[in-house]
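Working notes, beginning with the structure itself.
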Amino acid sequence: QVQLVESGGGLVQAGGSLRLSCAASRRTFSLYDIGWYRQAPGKEREFVATINWSSGSTDYVNSVKGRFTISKDNAKNTAYLQMNNLKPEDTAIYYCNAHSTLRGANYWGQGTQVTVSS
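Structure below.
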């Protein structure tokens, strides 16, 4: 079992920045993709960004490209989501996900609230 703990959420004005962290209990995430998803009130959870733990390759939803950056620290078993130029429409609960098709594993964190005021 893997535990994911998100942190770094909060209230920020439009144009501001936040950095989310996802700390994992697993010793290594080889063969895992680590992703960030978000869910706004009344909406379905949506994909935001992902990073492959082994290769470092990344992908983003179009709405955050150029503003958000996903990264990882292998030594700390932690993934990050740097969010710049935040917009009110970025307001949501942000969830960390660890997924491995080869290992048949899928884990979610508890979520962290991000609120962007206009």
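The sequence shown begins at 1 in my numbering and counts up one residue at a time.
Yeah, the Cβ is synthetic: ideal placement off N, Cα and C, and Gly gets one too.
Just so it is clear, the structure is predicted and the values come from calculations on it, not from any experiment.
- For Thr112, the beta-bridge partners assigned by DSSP are Tyr94.
- Judged by beta-carbon spacing, Asn97 lies within the 8 angstroms limit of Gly35, meaning their Cβ atoms are closer than that value.
- Secondary structure of Glu89 (DSSP, three-state): helix.
- A direct Cα-Cα distance of roughly 22 angstroms separates Val61 from Val5.
- Taken in chain order, the complete beta strand (DSSP E) segments of 3 residues or longer contained in the region 38-65 are 46-52, 58-60.
- In its chain, beyond the 5 residues on either side, Leu4, Val5, Glu6, Cys22, Tyr95, Cys96 have a beta carbon closer than 7 angstroms to the beta carbon of Gly109.
- In the displayed model, Ala14 falls within coil according to three-state DSSP, outside both helix and strand.
- In this structure, Ala79 is the residue among Lys43, Ala79, Arg45 with its C-alpha nearest to the C-alpha of Thr58.
- Boundaries of the beta strand (DSSP E) harbouring Thr78: 78-83, taken from the DSSP string.
- Counting of Cβ neighbours within 10 angstroms places Arg103 among the exposed residues, the total staying below 16.
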